[in-house]
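Let me begin by presenting the structure, written as structure tokens, before commenting on it.
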Amino acid sequence: MPSCSIKSCRNWNGNTTKKGIKFYRFPADARIAEIWIKACENEKINLKNARICSILFAEVCFERKPNHLIVPGDTNTVRLSKTAIPTLNLHNDDSASFLQKYLRCGRKRKVLQDCINEPLLKKSTNNSKSFTLANPVNDKENVGCAVQDNFEKQTDSIVSFTSEEPALEDQCLTELQSHEQTHNCEVTRLQEENTNLQAGNNGLKLVNNFLKTQNNDLKIQNEELENRCTALDMENKTMNKEINKLNKKLRLQQKAEQQAVKKKIYEILTPVFTMGQIKKLLHPTQKRVKWSIADISSAIALRSVSPKGYRYLRKKNFPLPALSTLRKRASSIDMSPGILQSVLSVMKTNGEGEPTVD
Numbered sequence: 001m002p003s004c005s006i007k008s009c010r011n012w013n014g015n016t017t018k019k020g021i022k023f024y025r026f027p028a029d030a031r032i033a034e035i036w037i038k039a040c041e042n043e044k045i046n047l048k049n050a051r052i053c054s055i056l057f058a059e060v061c062f063e064r065k066p067n068h069l070i071v072p073g074d075t076n077t078v079r080l081s082k083t084a085i086p087t088l089n090l091h092n093d094d095s096a097s098f099l100q101k102y103l104r105c106g107r108k109r110k111v112l113q114d115c116i117n118e119p120l121l122k123k124s125t126n127n128s129k130s131f132t133l134a135n136p137v138n139d140k141e142n143v144g145c146a147v148q149d150n151f152e153k154q155t156d157s158i159v160s161f162t163s164e165e166p167a168l169e170d171q172c173l174t175e176l177q178s179h180e181q182t183h184n185c186e187v188t189r190l191q192e193e194n195t196n197l198q199a200g201n202n203g204l205k206l207v208n209n210f211l212k213t214q215n216n217d218l219k220i221q222n223e224e225l226e227n228r229c230t231a232l233d234m235e236n237k238t239m240n241k242e243i244n245k246l247n248k249k250l251r252l253q254q255k256a257e258q259q260a261v262k263k264k265i266y267e268i269l270t271p272v273f274t275m276g277q278i279k280k281l282l283h284p285t286q287k288r289v290k291w292s293i294a295d296i297s298s299a300i301a302l303r304s305v306s307p308k309g310y311r312y313l314r315k316k317n318f319p320l321p322a323l324s325t326l327r328k329r330a331s332s333i334d335m336s337p338g339i340l341q342s343v344l345s346v347m348k349t350n351g352e353g354e355p356t357v358d
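Heads up: the sequence shown at position 258 corresponds to 258 in the UniProt record's numbering, and the numbers run straight through without jumps.
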């Protein structure tokens, strides 16, 4: 896990997880790296694994990331400058004051350094050979003076070099103007794109408001339809109850009418036909009829008087017992000598239907 290489700092990845503290690698620039090593007060540092935490850098050491490196929703929009120097919370006060002074001078010449390309800068550095931070000074009191003198010599060398090359300065200014124009064009394009996006956003808002209004109207219509369906359901239940009540009343009325018609039929047909014959007339499709003794005796009498007449009446669907029924019932009559009780019962039955004579 990374930890801060500054002698007076005790930060490492384990105790800074939720504090927002970051750890930065040593810069690739050898000059800046030498200054970082001086701030650490430890020359035996492995630059591949060494780190310095973010609380040791001032706010001016951070710069905003380019727009193409910022991901939408990313809260980390700043990065450490390539010329950043740790100046806060250092163990050695002399080194801290010098590094702060170097940082202020570095801000003044930042624009000039960006304009000068790297090969020329290396050339001027080799010619001057005045930046001697590679030879550390052991005396704590002379550290700031020695480094400061070398820094001022280096700055004088760069300024004198740039004054001897006005054409290079003009070229840098031209490139700056070209970059500025490109930047302005990009800003204009982004502004136009932003305007178009805002117009599209406004259109989407209008569509959203329209859909919300339409949704509210549909909700109101849905509630009205639900209320209407509820009312119709209640009305349907009421009508079903009324229909069942009327059907029951109709069945009772039809039954009463049938009984009245049946009673009237019996009243009309009783003087002419027997009960068995009336049942046969009312139910012509019924095959089995329970004939009474009077019906059998009357049929036997009619058959004995005129067999052809009996057959004719049967053919005309007159309610008379079949011949097989007569034979079967005649065979069961008791014909033993003496008083025939069965004949007397028939005569009694027939006599009850006759009017009395005074």
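Where a beta carbon is used, it is the ideal one built from N, C-alpha and C, also for glycine.
Query: Alpha-carbon to alpha-carbon, residue 245 and residue 327; Result: 53 Å
Query: Coarse secondary structure for residue 210, derived from DSSP in three states; Result: helix
Query: Length of the line joining the Cα atoms of residue 42 and residue 9; Result: 13 Å
Query: Proximity of residue 4 and residue 61 at Cβ, strictly below 7 Å; Result: no
Query: Terminal residues of the alpha helix (DSSP H) in which residue 305 lies; Result: 293 to 305
Query: Sub-7 Å separation of residue 39 and residue 80 beta-carbons; Result: no
Query: Close Cβ partners of residue 24 (< 6 Å) along its chain, the five nearest in sequence each way excluded; Result: 52, 80
Query: Residue 272 and residue 280 closer than 7 Å at C-beta; Result: no
Query: Buried versus exposed call for residue 277 [16 or more other C-beta atoms within 10 Å across all chains shown]; Result: buried
Query: Endpoints, beta strand (DSSP E) assigned at residue 53; Result: 51 to 53
Query: Residue 65 to residue 27 span [Cα, whole Å]; Result: 17 Å
Query: Span of the alpha helix (DSSP H) around residue 326; Result: 323 to 331
Query: Exposed unless 16 or more other CB atoms sit within 10 angstroms - verdict on residue 213; Result: exposed
Query: CA-to-CA distance, residue 223 to residue 217, given in whole angstroms; Result: 10 Å
Query: Nonlocal neighbours in the same chain, by C-beta distance under 7 Å from residue 299, ignoring five residues either side; Result: 320, 321, 326
Query: Pairwise C-alpha distance: residue 31 and residue 122; Result: Note that residue 122 has pLDDT 45, beneath the 50 cutoff, so the model's placement of it is unreliable and the number below is only indicative. One C-alpha to the other measures close to 11 Å.
Query: Cβ separation of residue 33 and residue 47, assumed to be a contact under 8 Å, to the nearest whole Å; Result: 7 Å
Query: DSSP-derived helix/strand/coil call for residue 240; Result: helix
Query: Residue from 68, 304, 264 whose Cα sits closest to the Cα of residue 190; Result: 68
Query: Extent of the continuous alpha helix (DSSP H) run through residue 34; Result: 30 to 40
Query: Pairwise C-alpha distance: residue 87 and residue 16; Result: 20 Å
Query: Residue 233 burial status per 10 Å Cβ neighbour count (16 or more: buried); Result: exposed
Query: Neighbour-count burial assignment, residue 268, 16 or more Cβ in a 10 Å radius; Result: exposed
Query: According to DSSP, residues forming a beta bridge with residue 4; Result: 51
Query: Cβ distance (whole Å) where residue 274 is taken to contact residue 294 below 8 Å; Result: 6 Å
Query: Nearest-angstrom Cα separation, counted from residue 176 out to residue 170; Result: 10 Å
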